[in-house]
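In this note's numbering, the protein residues as written are 24 to 437.
Below is the structure:
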């Protein structure tokens, strides 16, 4: 049963009563921390048009508080009681007579009302469902259980749309872009993005919060604070050409792979980056792995073309490691090499404790890397004007999204 259906049941409980059925008394939202269970409960109350009375599981450690909470809720009925971290209430038998008394009092209060008479509905939330006394979750009590997982695109869209209803946010903000950029963030994370954006606006005396401010706050949460580095034109240009190389070759070799952003804003672990949609699924076939290898090499290849051999730096160390990893996966684990076809070299070596095919693997990896380097160099050479314009644009704007990248590439024949 979906949450919206339950909202309708709670709003129209008399319909069930007329049919001889008792409306539901309560619902449990459970899952990992930070997935927005509290916000979901508030949204439920708003949709059901019910007063919202909130407390924590720790509040329920006082038997008198339990009595007063339900008494007050009945005064406002129809109403919704939200109990966060209900697992703080100890199971019966775990804390002697004290624990038993607390649980029994809570059960009495839950059993002491029927939705048809007092119109009370309970939403409880927990990160540890297994720690809740089973009697509380028994049929006829809090018996509707919903896992709240990490936010998918639809859930993030809802949170973002709620956030953007605040009048301080610019009406021109691209919701689709923010949904893509916030992959992996929880409801609590999105609340923090909203709060930090508003604090920034107050600090800078901004009349409204722009898309750029929001993107920066998302990136700060995901990747760390932007670093204030000594102004170095050569370093900035090298980073711009490096990241432009990754981005352009990525769209040429793997056009289906969605890019979130290209940025030259330095943060704790990088001077610049190209980030991808982490929720997108891929088949790791030969061409895809070869394409990933080329993309990993493209930053260094572009940097070398613009600045020469002496313009190379240590910034590509992670890229080279990644490229070698793709080559090893294809050849050493997934049997994609024509000379070592259908042999999982890693498994063979693990079972035998011997370095089988050592020379063959080294030769195949070297050949793979050579082909990837030559392919990448050819692409960079053929599409240099587009790559250069991407580099100049990201230097000027600090951040580009995929639509802006594709527009520049199309304008320059890529």
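Cβ coordinates follow ideal geometry from the N, Cα and C atoms, glycine included.
Check: DSSP on residue 307, reduced to helix/strand/coil?; Outcome: coil
Check: On a Cα-Cα basis, can you pick out the residue from 347, 346 and 369 that is closest to residue 357?; Outcome: 369
Check: Does DSSP put residue 317 in a helix, in a strand, or in coil?; Outcome: helix
Check: Where DSSP assigns a beta bridge to residue 52, which residues make up the other side?; Outcome: 148 and 169
Check: Beta-carbon within less than 7 Å of residue 197's beta-carbon, same chain only, minus the 5 sequence neighbours each way: which residues are those?; Outcome: 234
Check: From what residue to what residue does the beta strand (DSSP E) around residue 296 run?; Outcome: 296-299
Check: Between 203, 363 and 266, which has its C-alpha nearest residue 418's C-alpha?; Outcome: 266
Check: Can you check whether the CB of residue 176 is closer than 8 Å to the CB of residue 216?; Outcome: no
Check: Taking the alpha-carbon positions, what's the residue 422 to residue 239 distance?; Outcome: 9 Å
Check: Using the Cβ count rule (16 or more neighbours within 10 Å means buried), how would you classify residue 168?; Outcome: exposed
Check: Going by DSSP, which residues form a beta bridge with residue 293?; Outcome: 290
Check: If you draw a straight line from the alpha carbon of residue 391 to that of residue 81, how long is it in whole angstroms?; Outcome: 60 Å
Check: Check the DSSP bridge columns for residue 232 and list the partner residues they point to.; Outcome: 192
Check: Using only CA atoms, which one of 34, 211, 96 and 191 lies nearest to residue 5?; Outcome: Since the displayed the chain opens at 24 and closes at 437, residue 5 lies outside it and no answer follows.
Check: Cα-Cα, which of 72, 287, 68 and 45 is closest to residue 251?; Outcome: 287
Check: Can you have a look at residue 222 and say buried or exposed, based on whether 16 or more other CB atoms are within 10 angstroms of its CB?; Outcome: exposed
Check: Would you identify the three-state DSSP class for residue 156, choosing helix, strand or coil?; Outcome: coil
Check: Can you tell me the Cα-Cα spacing of residue 84 and residue 90, whole angstroms?; Outcome: 12 Å
Check: Taking residue 41 as part of the alpha helix (DSSP H), name the residues at either end of that continuous run.; Outcome: 36-41
Check: Under 6 Å Cβ to Cβ from residue 314, same chain only, skipping five residues before and after it: list those, please.; Outcome: 276 and 277
Check: Decide if residue 321 is buried, meaning its Cβ has at least 16 other Cβ atoms within 10 Å, or exposed.; Outcome: buried
Check: Which one of 195, 213, 149 and 151 has the shortest CA to CA distance from residue 179?; Outcome: 213
Check: Among the residues of its own chain, which have a CB less than 7 Å from the CB of residue 264, if the five just before and after it don't count?; Outcome: 325, 326, 329 and 414
Check: Tell me whether the beta-carbon of residue 97 lies closer than 8 Å to the beta-carbon of residue 130.; Outcome: no
Check: Taking the continuous alpha helix (DSSP H) assigned at residue 408, which residues delimit it?; Outcome: 407-420
Check: What is the residue span of the beta strand (DSSP E) that residue 79 lies within?; Outcome: 75-79
Check: Let me know if residue 273 comes out buried or exposed under the rule of 16 or more other beta-carbons within 10 Å of its beta-carbon.; Outcome: buried
Check: Between the C-alpha atoms of residue 64 and residue 162, what's the straight-line distance to the nearest angstrom?; Outcome: 21 Å
Check: Let me check you understand the geometry: is the CB of residue 351 closer than 7 Å to at least one non-hydrogen atom of the ligand FAD?; Outcome: Absent from the structure shown: the ligand FAD. Ligands present: none.
Check: Tell me which residue opens and which closes the beta strand (DSSP E) that residue 105 is part of.; Outcome: 102-107
Check: Among 406, 342, 248 and 436, which has the Cα closest to the Cα of residue 289?; Outcome: 248
Check: Got a sec? Which residues, its chain only, sit under 6 Å from residue 447 by beta carbon, not counting five neighbours each side?; Outcome: A question about residue 447 goes unanswered here, because the residues of the chain that appear run from 24 up to 437.
Check: Just the C-alpha distance for residue 426 and residue 285, rounded to the nearest angstrom, thanks.; Outcome: 11 Å
Check: For the alpha helix (DSSP H) that contains residue 380, what are its first and last residues?; Outcome: Counting along the chain, residue 380 falls outside any alpha helix (DSSP H), and DSSP gives it neither H nor E.
Check: With a CB to CB cut of under 7 Å and the five nearest residues on each side skipped, what residues in its chain are close to residue 269?; Outcome: 297, 318, 321 and 322
Check: With a 10 Å radius around its C-beta and 16 neighbouring C-beta atoms as the bar for buried, classify residue 406 as buried or exposed.; Outcome: buried
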